[in-house]
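Chemist: In my numbering, the protein residues as written are 10 to 298. Below: one structure in structure tokens.
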């Protein structure tokens, strides 16, 4: 494998690890704040973080000359993906919400297949997700069809996020694209949340947790994703994304002493084999974007 592709895979894994850690913080905040408020605070703090981290004041002079169509679609994808996923987390067990959302990038991976052997890797990833997700929880009282619709919709916008993310990175504006996307998302969500639940936004005792979530769930993962998308194809990114629930299961087993069933162990093997298969390609093959 080329070094650049190996580095891109590393970026993706670090992105998913950061996001999984942030999920526990978000779940805790849901006990005192509604999901819409949490995602708004997260985006607002993330906008400030990435603006300072990437010194994005440098891009201000270039704003009139950017390709705004792709940037606006990318920004809308970031915003709706976050809002819908957090809405689903408020109504579904996390395992089901994550599993349903992953249908988005996996579908994009299927549509991006160019080699017959890649069908094997994507099918293995789908089997792994199906075995990993605790579908038996769907029979419990905490399952919501509305939550399932939110999760599936979040997956659709995740696919758009990948597609337009690849277009945005070609504008050669670096991480400033991320700053623009998150800032626009925050500007859209802030007035909506201010009308929806203004008192929740002003509960400053929770801002510290929201700041940590912003760093782990937005600033770090999205920056790493943009760097990965410079090299990875939609097929590779979509299939490698299936590692996320596997990483969540491993983290739960190691850190929280959570039990992993035999079927989930088989799922881990399927997902990891799929990720290895879609990542290691012949040297003569060029990446499709």
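Built from N, CA and C at the ideal position, the CB exists for glycine as well. Nothing here was measured: the structure is a model prediction, and the numbers come from that model.
Decide if residue 181 is buried, meaning its Cβ has at least 16 other Cβ atoms within 10 Å, or exposed.
Modeler: Here residue 181 is taken as the residue at index 172 of the chain shown, counted from 1. Residue 181 should be labelled exposed.
Chemist: If I'm right that residue 169 touches residue 82 with Cβ under 8 Å, what's the distance once you round it to whole angstroms?
Modeler: Translated into positions along the chain shown, residue 169 becomes position 160. Translated into positions along the chain shown, residue 82 becomes position 73. Sure, about 7 Å apart at Cβ, within 8 Å.
Chemist: Does DSSP classify residue 12 as helix, strand or coil?
Modeler: As a first step, residue 12 must be located in the chain shown, where it is residue number 3. Residue 12 falls in the helix class under three-state DSSP.
Chemist: Would you mind stating whether residue 84 and residue 171 have Cβ atoms separated by less than 8 Å?
Modeler: Here residue 84 is taken as the residue at index 75 of the chain shown, counted from 1. Here residue 171 is taken as the residue at index 162 of the chain shown, counted from 1. Not in contact: residue 84 and residue 171 (Cβ atoms no closer than 8 Å).
Chemist: Considering only the beta carbon of each residue, do residue 118 and residue 243 sit closer than 8 Å?
Modeler: On the chain shown, residue 118 is found 109 positions in, with the first residue counted as 1. On the chain shown, residue 243 is found 234 positions in, with the first residue counted as 1. A contact, by the Cβ cut-off of 8 Å.
Chemist: Excluding the 5 residues flanking residue 229 on each side, which residues of the same chain have their C-beta closer than 8 Å to its C-beta?
Modeler: Locating residue 229 in the chain shown gives position 220, counting from the first residue. The residues are 23, 24 and 27.
Chemist: Could you tell me whether the Cβ atoms of residue 112 and residue 174 are closer together than 8 Å?
Modeler: Mapped onto the chain shown, residue 112 falls at position 103. Mapped onto the chain shown, residue 174 falls at position 165. For residue 112 and residue 174, no; Cβs fall outside 8 Å.
Chemist: Taking the continuous alpha helix (DSSP H) assigned at residue 236, which residues delimit it?
Modeler: Here residue 236 refers to the residue found at position 227 when the chain shown is read from its first residue. Here the alpha helix (DSSP H) through residue 236 covers 229-238.
Chemist: What residues in its chain sit with their C-beta under 7 Å from that of residue 282, if we drop five residues either side in the sequence?
Modeler: Indexing the chain shown from 1 puts residue 282 at position 273. Closer than 7 Å at Cβ, skipping near neighbours: 133.
Chemist: For the 8 Å Cβ check, are there 3 or more pairs between the segment 44-64 and the segment 219-227?
Modeler: Touching, per the Cβ criterion.
Chemist: Just mark residue 213 as buried or exposed, buried being the case when its beta carbon has 16 or more other beta carbons within 10 Å.
Modeler: In the chain shown, residue 213 corresponds to position 204, counting from 1. Exposed is the call here.
Chemist: Label residue 21 either buried or exposed according to how many other C-beta atoms from any shown protein chain fall within 10 Å of its C-beta, with 16 as the threshold for buried.
Modeler: Within the chain shown, residue 21 is the residue found at index 12, counting from 1. By the neighbour-count rule (16 or more Cβ atoms within 10 Å), residue 21 is buried.
Chemist: Anyone know if the C-beta pair for residue 128 and residue 122 falls short of 8 Å?
Modeler: Numbered from 1 along the chain shown, position 119 holds the residue referred to as residue 128. Numbered from 1 along the chain shown, position 113 holds the residue referred to as residue 122. Yes, the pair counts as a contact, with Cβ atoms nearer than the cut-off.
Chemist: Return helix, strand or coil for residue 265, following the three-state DSSP convention.
Modeler: Taking the first residue of the chain shown as 1, we reach residue 265 at position 256. Legend: pLDDT at residue 265 = 46, less than 50; position of this residue unreliable, no value from coordinates given.
Chemist: Short check: CB of residue 108 to CB of residue 276, under 8 Å?
Modeler: For the purposes of this step, residue 108 is taken as the residue at position 99 of the chain shown. For the purposes of this step, residue 276 is taken as the residue at position 267 of the chain shown. Their beta carbons are not under 8 Å apart, which means residue 108 does not touch residue 276 by this criterion.
Chemist: Looking at the structure shown, is residue 82 part of a helix, part of a strand, or coil, going by DSSP?
Modeler: For the purposes of this step, residue 82 is taken as residue 73 along the chain shown, with counting starting at 1. If DSSP states are grouped into helix, strand and coil, residue 82 belongs with the helices.
Chemist: Does the separation of the CB atoms of residue 187 and residue 235 fall below 8 Å?
Modeler: Here residue 187 refers to the residue found at position 178 of the chain shown. Here residue 235 refers to the residue found at position 226 of the chain shown. Yes.
Chemist: Just checking my contact of residue 42 with residue 232 at CB under 8 Å: how many whole Å lie between their CB atoms?
Modeler: The sequence position of residue 42 within the chain shown is 33, counting from 1. The sequence position of residue 232 within the chain shown is 223, counting from 1. With 8 Å as the limit, residue 42 and residue 232 do not qualify as a contact, their Cβ atoms being about 25 Å apart.
Chemist: With a CB to CB cut of under 6 Å and the five nearest residues on each side skipped, what residues in its chain are close to residue 160?
Modeler: Taking the chain shown and counting its residues from 1, one reaches residue 160 at position 151. Cβ neighbours of residue 160 beyond the five flanking positions: 97, 106, 109 and 110.
Chemist: Looking at C-alpha atoms only, which residue of 126, 62 and 39 is the closest neighbour of residue 100?
Modeler: The sequence position of residue 100 within the chain shown is 91, counting from 1. Nearest of 126, 62 and 39 to residue 100, Cα basis: 39.
Chemist: Give the single residue among 250, 271 and 279 whose Cα lies nearest to the Cα of residue 18.
Modeler: Here the question's residue 18 lines up with position 9 in the chain shown. Of the candidates 250, 271 and 279, the one whose C-alpha sits nearest the C-alpha of residue 18 is 250.
Chemist: Exposed or buried, residue 198, counting other C-beta atoms within 10 Å across all chains shown (16 or more means buried)?
Modeler: Reading the chain shown from its first residue, position 189 is the one you call residue 198. It counts as buried.
Chemist: Determine the DSSP secondary structure at residue 176, reduced to helix, strand or coil.
Modeler: Residue mapping note: residue 176 aligns to position 167 of the chain shown, counting from 1. Looking at residue 176 - three-state DSSP - the assignment turns out to be helix.
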